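Asker: One structure, pasted below without further comment.
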Amino acid sequence: MTQHPSQPDPVTTELLGWIQQATDRICRSTDGLTEAQVRTPAARSGWSIAGLVGHVHDSTWFWLHHVIAGNPMQFGEDDGWDNDPALPFPELVARLRDDTARGCAAVAALASTDAPGWWPEGAWGGYRQDTVLGVLVHLLNDNAAHTGHLDLAREAIDGGVWDYGIDGVRLPD
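In terms of the numbering used here, the sequence shown opens at residue 491 and continues consecutively.
Now the structure itself:
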């Protein structure tokens with residue numbers, strides 16, 4: 491991997507900024523919800539807001555820390571992508587924020603054209619991203635989809651919707 495500490499790649503910098511912004515939005519979209527509300531299944535499959543936040547944490551850490559930064563791990567496609575549901579929700583949110591910031595900092599000096607530091611060979615039927623840019627776009631796209639899932643779950647729970655005008659959740663009157 492090529493590192494350019496004195497001249498950060500503007501593409502890498504911009505995408506990492508968007509990833510951190512998406513993480514902040516996910517975390518702030520849960521403001522004011524109770525532990526019971528974030529643990530209530532939001533879909534027939536049984537996933538909850540806590541499960542979604544846990545999944546986003548695990549996925550973000552996987553792509554930044556393991557794949558891009560090159561820290562191999564044992565990997566199986568059937569491995570769960572959800573955190574321990576017994577962990578209090580504020581700790582899940584803090585872990586998502588902190589580990590996203592650490593992961594972004596660890597890869598910030600890499601060029602967007604660099605190859606990922608590690609790839610789980612044979613995973614996902616041969617799916618692969620060959621550059622840091624590809625992995626970051628994949629991660630940003632995945633987190634954007636999960637932000638939409640969270641928006642719908644939040645609205646179903648208490649009517650709260652994200653309002654860009656106040657940069658936060660607006661509850662119904």
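Don't be surprised by glycine CBs; every beta carbon is placed ideally from N, CA and C. Fair warning: this is a prediction, and the values are worked out from it, not measured in the lab.
From W537 to P500, what does the alpha carbon distance come to, in whole angstroms?
Answerer: As a position in the sequence shown, residue 537 is number 47, starting the count at 1. As a position in the sequence shown, residue 500 is number 10, starting the count at 1. The straight-line gap from Cα to Cα measures roughly 36 angstroms.
Asker: Start and end of the beta strand (DSSP E) containing W652?
Answerer: Locating residue 652 in the sequence shown gives position 162, where the first residue counts as 1. Note, W652: beta strand (DSSP E), V651 to D653.
Asker: Going by DSSP in three states, G612 sits in which element: helix, strand or coil?
Answerer: On the sequence shown, residue 612 is found 122 positions in, with the first residue counted as 1. Residue state, collapsed to three classes: coil.
Asker: Rounded to the nearest angstrom, what separates G541 and A635 at their Cα positions?
Answerer: Taking the first residue of the sequence shown as 1, we reach residue 541 at position 51. Taking the first residue of the sequence shown as 1, we reach residue 635 at position 145. The alpha-carbon atoms of G541 and A635 are separated by roughly 15 angstroms.
Asker: Using 8 angstroms as the threshold, is the C-beta distance between S519 and R644 below it?
Answerer: Residue mapping note: residue 519 aligns to position 29 of the sequence shown, counting from 1. Residue mapping note: residue 644 aligns to position 154 of the sequence shown, counting from 1. Yes. Within cutoff.
Asker: Between the C-alpha atoms of D514 and W553, what's the straight-line distance to the nearest angstrom?
Answerer: The residue given as residue 514 occupies position 24 in the sequence shown. The residue given as residue 553 occupies position 63 in the sequence shown. So the two alpha carbons sit approximately 18 angstroms from each other.
Asker: State the start and end residues of the unbroken alpha helix (DSSP H) segment that holds G658.
Answerer: Against the sequence shown, residue 658 aligns to sequence position 168. Taken as a continuous stretch (DSSP letters only), G658 belongs to no alpha helix (DSSP H), being part of the beta strand (DSSP E) at G658 to R660.
Asker: Which residues share a DSSP beta bridge with L626?
Answerer: Within the sequence shown, numbered from 1, the residue matching residue 626 stands at position 136. According to DSSP, which records beta bridges pairwise, L626 is partnered with nothing at all.
Asker: Does L640 come out as helix, strand or coil in the three-state DSSP assignment?
Answerer: The residue you call residue 640 lines up with position 150 of the sequence shown. Helix at L640.
Asker: Comparing C-alpha positions only, which one of T524, V583 and D604 sits nearest to V625?
Answerer: Looking up residue 625 in the sequence shown gives position 135. Ranking T524, V583 and D604 by Cα distance to V625 puts D604 first.
Asker: Please identify the residue among D657, W614 and V651 whose C-alpha is closest to the C-alpha of D663.
Answerer: Position 173 of the sequence shown, counted from the first residue, corresponds to residue 663. Checked all of D657, W614 and V651; the closest Cα to D663 is V651.
Asker: So L640 packs on I539, CB below 8 angstroms; how close in whole Å?
Answerer: Indexing the sequence shown from 1 puts residue 640 at position 150. Indexing the sequence shown from 1 puts residue 539 at position 49. Sure, about 6 angstroms apart at Cβ, within 8 angstroms.
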